[in-house]
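Q: Let me give you the structure first, and then I'll get to my questions.
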Amino acid sequence: MGPFDDRTKRLARRQESEVFADYIMPVSWIVGLVGFLGLVALSFSSNSSLVPVFGAFLAAPFVMLVVRLSRGHFHKDIREKRTKI
């Protein structure tokens, strides 16, 4: 028995995966880019008090990727199982 044998759970997880792929991940990549650019800008200035903030921004896409992996969004059983006729 696999982790997604229950059809209701499989459909819910697939919908969750689509929401992450369509909305949350693009936003987290933009936040990560802002973090990267902020760290680059801070490397040219003497203000180091914002380094943790931009570091957290930079980590956002990787944290979301770990969340997606732990929720099983890339599992092959998430996609609808079709029986052969």
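Counting from 2, one number per residue, gives the positions in the sequence shown under my numbering. Where a beta carbon is used, it is the ideal one built from N, C-alpha and C, also for glycine.
(1) Please state if the CB of Ser29 and the CB of Ala57 are separated by a distance shorter than 8 Å.
(2) Is Leu40 closer than 8 Å to Leu59 when the C-beta atoms are compared?
(3) Take the Cβ of Gly3 as the centre, count every other Cβ of all protein chains shown within 10 Å, and call the residue buried at 16 or more, exposed below.
(4) Quick one: residues in its chain with C-beta nearer than 8 Å to the C-beta of Ile79, no 5 flanking neighbours on either side, listed in chain order?
(5) Taking only three categories from DSSP, how would you classify Asp23?
A: From the atom records:
(1) Taking the first residue of the sequence shown as 1, we reach residue 57 at position 56. Taking the first residue of the sequence shown as 1, we reach residue 29 at position 28. Contact annotation: Ala57 and Ser29 have beta-carbon atoms that are not nearer than 8 Å.
(2) Sequence index remark: in the sequence shown, residue 59 carries index 58 (1-based). Sequence index remark: in the sequence shown, residue 40 carries index 39 (1-based). Yes, the Cβ-Cβ distance between Leu59 and Leu40 is below 8 Å.
(3) For the purposes of this step, residue 3 is identified with residue 2 of the sequence shown, where counting begins at 1. Exposed, by the Cβ-count rule.
(4) Here residue 79 refers to the residue found at position 78 when the sequence shown is read from its first residue. Sequence-distant partners of Ile79 (beyond 5 residues in either direction) whose C-beta falls short of 8 Å from its own C-beta, in its chain, are Phe5, Arg11, Arg14, Arg15, Ser18 and Gly73.
(5) Taking the first residue of the sequence shown as position 1, residue 23 is located at position 22. In the three-state reduction of the DSSP assignment, Asp23 falls in the helix class.
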